[in-house]
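J.: Residue numbering for the sequence shown follows this note's numbering, starting at 3 and increasing by one per position. We put the CB at the ideal spot given by N, CA and C, even for glycine.
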Amino acid sequence: MHTTHLALMVLVCVVPCTSYSPLVEVGSVNISAARISVYQPDYLYTVSSTVINVVKIGAGGSPTVVSTHQCVAPCVFYTVPLADNGVLYIGSSQAVELYNISDPASPTFITRASITGIALSIRRVGNILYLSTTSTTIGSIVTLDVTDPTAPVAGPVSELQTWMSIFVRQIDDVWIEGELAYGVGSHSGYILIFNLTARPEFTAVAKYDTKGDPLRIWITGSLAYVMHKSQGFQVYDISNATGPALVGSNADATTPQEMWLDGNSLFITDGQQGLMVFDITNPTNPQLAATWLPPSGNAIVAKDVAVESGLAFLSNYNATVPTNNSLYVIDVSRTQTVSVTASILPPTGTPTPTYTDPLPTAT
3 MHTTHLALMV LVCVVPCTSY SPLVEVGSVN ISAARISVYQ PDYLYTVSST
53 VINVVKIGAG GSPTVVSTHQ CVAPCVFYTV PLADNGVLYI GSSQAVELYN
103 ISDPASPTFI TRASITGIAL SIRRVGNILY LSTTSTTIGS IVTLDVTDPT
153 APVAGPVSEL QTWMSIFVRQ IDDVWIEGEL AYGVGSHSGY ILIFNLTARP
203 EFTAVAKYDT KGDPLRIWIT GSLAYVMHKS QGFQVYDISN ATGPALVGSN
253 ADATTPQEMW LDGNSLFITD GQQGLMVFDI TNPTNPQLAA TWLPPSGNAI
303 VAKDVAVESG LAFLSNYNAT VPTNNSLYVI DVSRTQTVSV TASILPPTGT
353 PTPTYTDPLP TAT
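(1) Using alpha carbons as the reference points, say which of Ile143, Ala314 and Val89 lies closest to Asp150.
(2) Let's test the definition: count the other Cβ atoms within 10 Å of the Cβ of Gln72 and tell me whether it reaches 16, buried, or not, exposed.
(3) How is the beta strand (DSSP E) around Val28 delimited, first residue to last?
(4) Using 8 Å as the threshold, is the C-beta distance between Leu131 and Thr113 below it?
(5) Got a sec, what are the start and stop residues for the beta strand (DSSP E) Asn153 sits in?
(6) Using DSSP bridges, identify the partner residues of His71.
(7) Can you tell me whether Ala61 is helix, strand or coil according to DSSP?
(8) Quick one: using the 10 Å Cβ neighbour count with 16 as the cut-off for buried, is Asn32 buried or exposed?
(9) To which residues of the same chain is Val207 closer than 8 Å at the C-beta, ignoring the five residues directly before and after it?
(10) Should Asp333 and Leu46 be called a contact, given that it needs their Cβ atoms to be closer than 8 Å?
(11) With DSSP as the reference, identify every bridge partner of Pro83, one or two as the case may be.
(12) Among Arg37, Thr52, Phe269 and Val148, which one has its Cα closest to the Cα of Asn87?
(13) With DSSP as the reference, label Asn326 as helix, strand or coil.
(14) Leaving out the 5 sequence neighbours to the left and right, which residues in its chain are closer than 8 Å to Leu263 when beta-carbon positions are compared?
(15) Within the same chain, show all residues whose beta-carbon is closer than 8 Å to that of Leu225, passing over the 5 residues directly before and after it, in chain order.
(16) Could you tell me the boundaries of the beta strand (DSSP E) in which Pro216 lies?
(17) Can you tell me which of the three DSSP states Tyr1 falls into?
(18) At which residue ranges does the stretch 229-261 contain complete beta strand (DSSP E) runs of 3 or more residues, listed in the order of the chain?
(19) Let me know the secondary structure DSSP gives Ile117 once reduced to three states.
(20) With distances taken between CB atoms, is the gap from Asn327 to Ala35 smaller than 8 Å?
(21) With 16 as the cutoff for other CB atoms within 10 Å, does Pro297 come out buried or exposed?
(22) Taking the beta carbon of Asp211 as the centre, do at least 16 other beta carbons fall within 10 Å, making it buried, or is it exposed?
(23) Confirm, please, whether the CB-CB distance from Thr135 to Ala115 is below 8 Å.
(24) Excluding the 5 residues preceding and the 5 following Ile103 in the sequence, name in chain order all residues of the same chain whose CB lies nearer than 7 Å to its CB.
(25) Which residues in the same chain have their Cβ closer than 7 Å to the Cβ of Ala97, if we skip the five residues on either side of it in sequence?
(26) Measuring only the C-alpha atoms, how far is Asn318 from Ala156?
(27) Look up Gly128 in the DSSP assignment and say whether it is helix, strand or coil.
(28) State the CB to CB distance for the pair Gly60 and Val28, rounded to an integer number of angstroms; the pair is presumed to be in contact (CB under 8 Å).
(29) Going by alpha carbons, who is nearest to Thr1 out of Asp272, Gly312, Val303 and Asp215?
(30) Excluding five sequence neighbours on each side, which residues of the same chain lie with their C-beta closer than 8 Å to the C-beta of Pro288?
(31) So Gln289 is in the beta strand (DSSP E); what residue range does that whole segment cover?
(32) Report buried or exposed for Met229, applying the criterion of at least 16 other Cβ atoms within 10 angstroms of its Cβ.
(33) Once you ignore the five residues that flank Phe179 on each side, which residues in its own chain have a CB closer than 7 Å to its CB?
(34) Which whole-angstrom value is the C-beta distance of Ile92 and Val56, which I expect to be below 8 Å?
(35) Nearest CA to the CA of Thr81: which residue from Tyr184, Val307, Phe111 and Ile54?
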């Protein structure tokens, strides 16, 4: 029997705001799933250790494992998948593996391309893969031309052990926006900005000290959402690429793992705090709007999250207790934008609240 589990919900509205219903679990399956990539609305791939799982999402969000495959490398814990345009890319230690997923239920191995370091994230723009990597001493951004998936071509490696007078041991994430690449590194604490006009070469544009440990970056329009390893997330105005400006932040997530942005909602997995959903309607004052934890008694180490068609896919991954590993599917579709009428505005003369940044001011 499937039991519906509701989450504690807190809502703080700023005109206009997003109204959040309680988050509801609609299905789960016991699999090892450290990282997730959604492909089409009804398939997703999870990877961890040495295993690739293919999960079919049925009616109402019910997940079913339809096949399991061994990574060729084999995979490592840092392995990251990206399913896009008929190909599943899996970045791991010293390599990217490519699988044909023209039949999404049955990936078939195509080839393995060597890279420098361990892949921490993958972005695809056109026919180019951008991978942020780490090694024992050097952080890098690696490019791979996948115009022909059977014969990927590696581009120059941008090794950043010393870059603009800072030490960079790893690049945790990279985001491509137009002709610019934004890299973040939890070790250095910087946002690194590059010009890609002369692809695949990288030209330094600027560095920005976040005064934290940035782990993930997501850009929408002129705003960059930067999730930190230990102190929530920050919001930057990047209209001026040479001088990002901090405009908002939230420190409710204390051990963030991964993030996903969908409309006016920012989803963060936060280890033992499970899934946290933030209302970013007002990016200068993002608010925790809803949280979700699994059933009582089920240990949680929320690792990854992806959102598709009103469903959030959450991986619960603990390398030391694999029997607790699960993939949860959570209904997050029941949100709506509402307008606040004048009848509930504060009385005339009420002092206007001031915004206090909970994170150190970046300069």
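T.: Looking at the atomic coordinates:
(1) Closest by alpha carbon: Val89.
(2) Its Cβ having fewer than 16 others within 10 Å, Gln72 is exposed.
(3) For Val28, the enclosing beta strand (DSSP E) begins and ends at Val26 to Val31.
(4) The Cβ atoms of Leu131 and Thr113 lie no closer than 8 Å to each other.
(5) For the record, residue 153 in the displayed sequence is Ala; it is not Asn. Careful: Ala153 lies outside any beta strand (DSSP E) and carries neither H nor E.
(6) DSSP lists Ile54 as the bridge partner or partners of His71.
(7) In this structure, Ala61 counts as helix in the three-state DSSP scheme.
(8) By the beta-carbon neighbour count (other beta carbons within 10 angstroms, threshold 16), Asn32 is exposed.
(9) Residues Leu182, Ile195, Phe196, Asn197, Ala243 and Thr244 of the same chain have their beta carbon placed closer than 8 Å to that of Val207, with the five preceding and five following residues left out of the count.
(10) No.
(11) Beta-bridge pairing links Pro83 to Ile92.
(12) Taking only the C-alpha atoms, the option nearest Asn87 is Val148.
(13) Correct three-state label for Asn326: helix.
(14) These residues qualify, in order along the chain: Trp220, Thr222, Tyr227, Phe269 and Ile282.
(15) Cβ within range, chain order: Val237, Tyr238, Asp239, Ile240, Val249 and Pro285.
(16) Counting along the chain, the beta strand (DSSP E) containing Pro216 begins and ends at Pro216 to Thr222.
(17) This structure cannot settle anything about residue 1, because the visible part of the chain is limited to 3 through 365.
(18) Runs of the beta strand (DSSP E) inside the stretch 229-261: 235-239 and 247-252.
(19) In the three-state scheme derived from DSSP, where H, G and I count as helix and E and B as strand, Ile117 is classed as strand.
(20) Yes, these two residues count as a Cβ contact at 8 Å.
(21) So Pro297 counts as exposed.
(22) By the neighbour-count rule (16 or more Cβ atoms within 10 Å), Asp211 is not buried but exposed.
(23) No, the pair does not count as a contact, with Cβ atoms beyond the cut-off.
(24) So the list reads Tyr41, Ala85, Gly88, Val89, Leu90 and Pro109, once near-sequence residues are dropped.
(25) Excluding residues within five positions, the ones whose Cβ falls inside 7 Å are Ala75, Arg114, Ala115, Ser116 and Ile117.
(26) About 34 Å.
(27) Coil at Gly128, not helix or strand.
(28) No, Gly60 and Val28 are not in contact; Cβ-Cβ is about 10 Å, not under 8 Å.
(29) Since the first residue shown for the chain is 3 and the last is 365, residue 1 is missing from the structure and cannot be characterised.
(30) Take Pro288, set aside five residues on each side of it, and the residues of its chain with a beta-carbon closer than 8 Å to its own are Phe235, Val237, Gly250, Ser251, Asn252, Leu268, Phe280, Asp281 and Ile282, in chain order.
(31) Per DSSP, Gln289 belongs to the beta strand (DSSP E) from Gln289 to Trp294.
(32) In this structure Met229 is buried. Its beta-carbon is surrounded by 16 or more other beta-carbon atoms within 10 angstroms.
(33) Looking at the sequence shown, residue 179 is not Phe but Glu. The answer, listed in chain order, is Ile221.
(34) No, Ile92 and Val56 are not in contact; Cβ-Cβ is about 13 Å, not under 8 Å.
(35) Nearest C-alpha to Thr81: Ile54.
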